[in-house]
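In what follows, a structure is listed as structure tokens, so that the remarks can point back to it.
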Amino acid sequence: MKLLGKENTTRPDPVARKADGFTYPRVSPEALPYWEGCLQNELRYQRCGDCSEPVFHPRAVCPYCLSDNLSWECSEGVGEIYSFSVQYVALYPEREGNLPRAVGIVALKEGYHMFTELEIPVGSELRVGQKVRVYFDRVADDLALPKFRID
Amino acid sequence: MSSKDLRAAAAIVGFGDYHCTADEKKSPLHVASLAVSAALKDAGLEKDDIDGVLTGREPSGDQRPQWQNILSAYLKITPTYSSQITIHAAGMNSMLKHAAMAVTAGVAKYVLCVGADSIAYLNPRVHVAGIDTDPEFEQPYEPIIPAIYAQIACRLMHEQGLTEKHLAGVAVQCQDWGIHHPFASKASKGPLTIEQVLSSRMIAAPLRLWMCATWGPPGTGGAVIVTTAENARRISRNPIYILGSGECVTHDYLSDRMGLRRSRLALGNLPSITATGCRIAAANAYEMAGIGPDDVDVVQTPSNFAHSELLSLNELGFASSTAEAGELVLSGETGPGGRLPTNTNGGWLSFGQCGPACVMDSVMETVRQLRQETRGKRVERPEIGLVHALGGMQACHSVTILSTST
Ligand SMILES: [Zn+2]
Numbered sequence: 000m001k002l003l004g005k006e007n008t009t010r011p012d013p014v015a016r017k018a019d020g021f022t023y024p025r026v027s028p029e030a031l032p033y034w035e036g037c038l039q040n041e042l043r044y045q046r047c048g049d050c051s052e053p054v055f056h057p058r059a060v061c062p063y064c065l066s067d068n069l070s071w072e073c074s075e076g077v078g079e080i081y082s083f084s085v086q087y088v089a090l091y092p093e094r095e096g097n098l099p100r101a102v103g104i105v106a107l108k109e110g111y112h113m114f115t116e117l118e119i120p121v122g123s124e125l126r127v128g129q130k131v132r133v134y135f136d137r138v139a140d141d142l143a144l145p146k147f148r149i150d
Numbered sequence: 000m001s002s003k004d005l006r007a008a009a010a011i012v013g014f015g016d017y018h019c020t021a022d023e024k025k026s027p028l029h030v031a032s033l034a035v036s037a038a039l040k041d042a043g044l045e046k047d048d049i050d051g052v053l054t055g056r057e058p059s060g061d062q063r064p065q066w067q068n069i070l071s072a073y074l075k076i077t078p079t080y081s082s083q084i085t086i087h088a089a090g091m092n093s094m095l096k097h098a099a100m101a102v103t104a105g106v107a108k109y110v111l112c113v114g115a116d117s118i119a120y121l122n123p124r125v126h127v128a129g130i131d132t133d134p135e136f137e138q139p140y141e142p143i144i145p146a147i148y149a150q151i152a153c154r155l156m157h158e159q160g161l162t163e164k165h166l167a168g169v170a171v172q173c174q175d176w177g178i179h180h181p182f183a184s185k186a187s188k189g190p191l192t193i194e195q196v197l198s199s200r201m202i203a204a205p206l207r208l209w210m211c212a213t214w215g216p217p218g219t220g221g222a223v224i225v226t227t228a229e230n231a232r233r234i235s236r237n238p239i240y241i242l243g244s245g246e247c248v249t250h251d252y253l254s255d256r257m258g259l260r261r262s263r264l265a266l267g268n269l270p271s272i273t274a275t276g277c278r279i280a281a282a283n284a285y286e287m288a289g290i291g292p293d294d295v296d297v298v299q300t301p302s303n304f305a306h307s308e309l310l311s312l313n314e315l316g317f318a319s320s321t322a323e324a325g326e327l328v329l330s331g332e333t334g335p336g337g338r339l340p341t342n343t344n345g346g347w348l349s350f351g352q353c354g355p356a357c358v359m360d361s362v363m364e365t366v367r368q369l370r371q372e373t374r375g376k377r378v379e380r381p382e383i384g385l386v387h388a389l390g391g392m393q394a395c396h397s398v399t400i401l402s403t404s405t
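In the order they appear, the protein sequences are chains A and B. Start counting the first sequence at 0; every next residue gets the next number (numbering that gives the first Met the number 0). Start counting the second sequence at 0; every next residue gets the next number (numbering that gives the first Met the number 0).
Quick look at the structure:
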């Protein structure tokens, strides 16, 4: 798995790696199943076997009860927009052609939240509370980013 | 023993600051050195009187950790009490509390607290996004920092009736102060209207250009020297007492804040990104100082983005929602001549945000107002000044209450 290859595990760089025109996540060992799931069109998250809370971002222990009795589950990939912003300036100048684009926080049906990109609908606007569904943007052979569009 | 024992137990006996002009390139160590020299001179102390050194987070324009050591070695100071105080940038405000604890405990006699930065050599857009967004779960989506802060603004509009006009009002208020300050980054742009703000280009909706802090001045440094109140009365004509201090950290990356589903602290309905640790920090600072919001004469808040000031005014107890804070701002009460002078150097929005040192600028402006030695517009004889600093993505909050008397 290139995502957690030598380059990722040995780099002390605190920021994500930019390569081939994309920003690769700095994949942590705890979250590897999440990224592997994305490559298989599965939106995975953890659930605590002791307190039953959904856990995301992936962790080695449940942050609510500190149990390490965590197991991976698959989200239905549906939820609603908690907040969002349409971004008109690119982080990297060479990505100006990719604008405007929307980023936001989605509340998943299973009871957790995640940051993501939201597809801007044609002829209408994004709203807080709108129902959305996940899709996987295969940006490279070894990277699929979960994004959401209006359901 | 309680934090109240620390009330007015320590004081600032010297301060110094330095701001670069628009075309002036100096290293963070250079501007810090100039601030330290000025502070020592102001206090009437020698370098060898200093036995404690605290700095805030390492400057964006230097980036070496343990920067208190870098600075001490640069100036050949040999402290017997030193550390970097960092809850993101807000640690610079909390340095005053740490210094007060050290001098009252007898661990040090004179603690030098320094914050400095210069960004002349950086690409700030990428640098800050690299520090303040999650490298695994946010950075792959390439958000700019305004788009992260905009998540909060979006939610405040949804939950509290905050409007674009409220946001614009903050930009106008900051500029109303900033035009009077010789080092305010946006001063040369002159007076501003609500209409101008609302017609400026969109950066990350709902945040427009005038609702986002500019990067500047190119370099800024501030230093204060803290000693016990008893010693301060002996050596200083005009000590500034540390009356109260509080801090609170709720998260690091913004979207991970939504994983905070319960807390021992009263943070409202969790999970949420619209209630911050400011309310807790302020409650602790007010309790230690034995005062309330009505006693405050001059306020510095974060205004990296327009809604940050409104969140602060709300959670500091000057309003009961961000929309109400917005109405307060639109009424002119937080501007020059108003009842609650806020961000009197132009704030981060108009004065500018020079890396984490913008927090030191807020501290310096408060000391300058209390000592009636401002470079910009002066508030009429304030006795109590409040500094609220935030760090990260509304992650860390520090409130300090300073006063001319005990
Ligand atoms: Zn658990």
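Yeah, the Cβ is synthetic: ideal placement off N, Cα and C, and Gly gets one too. Remember, it's a predicted structure, so these values are computed and weren't measured experimentally.
Judged by the Cβ position, residue 52/A qualifies as a neighbour of ligand 1 at the 7 Å threshold, a heavy atom of the ligand being closer than this. With its beta carbon less than 8 Å from one in chain B, residue 86/A belongs to the interface. Taking 7 Å as the cut-off, the C-beta of residue 66/A counts as close to a heavy atom of ligand 1. Interface with chain A (8 Å Cβ-Cβ cutoff): residue 157/B is included.
Between the segment 5-21 of chain B and the segment 231-241 of chain B, the count of Cβ pairs shorter than 8 Å is three or higher; the stretches touch. The beta carbon of residue 15/A sits closer than 8 Å to some beta carbon of chain B.
Put simply, of 150/A, 144/A and 149/A the residue whose alpha carbon is nearest the alpha carbon of residue 23/A is 144/A.
In the three-state scheme derived from DSSP, where H, G and I count as helix and E and B as strand, residue 40/B is classed as helix.
Within chain A, the residues placing a beta-carbon under 8 Å from that of residue 125/B are 90 and 91, ordered along the chain. Think of a sphere of 7 Å around the beta carbon of residue 201/B: the chain A residues whose beta carbon falls inside it are 87, in chain order.
As computed with DSSP, residue 389/B is found in a beta bridge with 396/B. Not one heavy atom of ligand 1 is found less than 7 Å from the C-beta of residue 140/B. In the structure shown, the three-state DSSP call for residue 148/A is strand. Within the segment 17-41 of chain A, 21, 22, 23, 24, 25, 26, 27 and 30 place their CB atoms closer than 8 Å to a CB of chain B, listed in sequence order. The beta-carbon of residue 137/B is placed less than 8 Å from the nearest beta-carbon of chain A. Below the 7 Å Cβ cutoff, chain B contributes 150, 254 and 257 as neighbours of residue 104/A, in chain order. Within the same chain, and ignoring the five residues on either side of residue 283/B in sequence, the residues whose Cβ sits closer than 6 Å to its Cβ are 245. For residue 105/A, the closest alpha carbon among the candidates 120/A, 82/A, 60/A and 44/A is that of 82/A.
The contact set of residue 128/B on chain A, defined by CB atoms closer than 7 Å, consists of 90 in chain order.
In the pairwise beta carbon analysis, the segment 66-86 of chain B is classified as not touching the segment 362-382 of chain B: fewer than three pairs are separated by under 8 Å. The beta-carbon of residue 74/A is placed no less than 8 Å from the nearest beta-carbon of chain B.
The C-beta distance from residue 25/B to residue 218/B rounds to 5 Å, short enough to meet the 8 Å contact threshold. Per the coordinates, the alpha-carbon of residue 133/B lies some 6 Å from the alpha-carbon of residue 252/B.
Remark: the C-beta of residue 111/A is outside contact range of ligand 1, defined as less than 7 Å to any heavy atom.
DSSP, read as helix, strand or coil, puts residue 204/B in coil.
Looking at 36/A, 113/A, 55/A and 142/A, the one whose alpha-carbon comes closest to that of residue 45/A is 55/A. Distance from residue 315/B to residue 281/B at the Cβ level is roughly 5 Å; contact confirmed, criterion being Cβ atoms closer than 8 Å. For the pair residue 224/B and residue 42/B, the CB atoms are nearer than the 8 Å cut-off.
Scanning 147/A, 112/A and 92/A for the CA closest to the CA of residue 269/B turns up 112/A. Residue environment: residue 204/B is assigned as buried (16 or more neighbouring CB atoms within 10 Å of its CB, all protein chains considered). Non-local beta-carbon contacts of residue 267/B in its own chain, meaning distances under 8 Å to residues more than five positions away in sequence, involve 273 and 274 in chain order.
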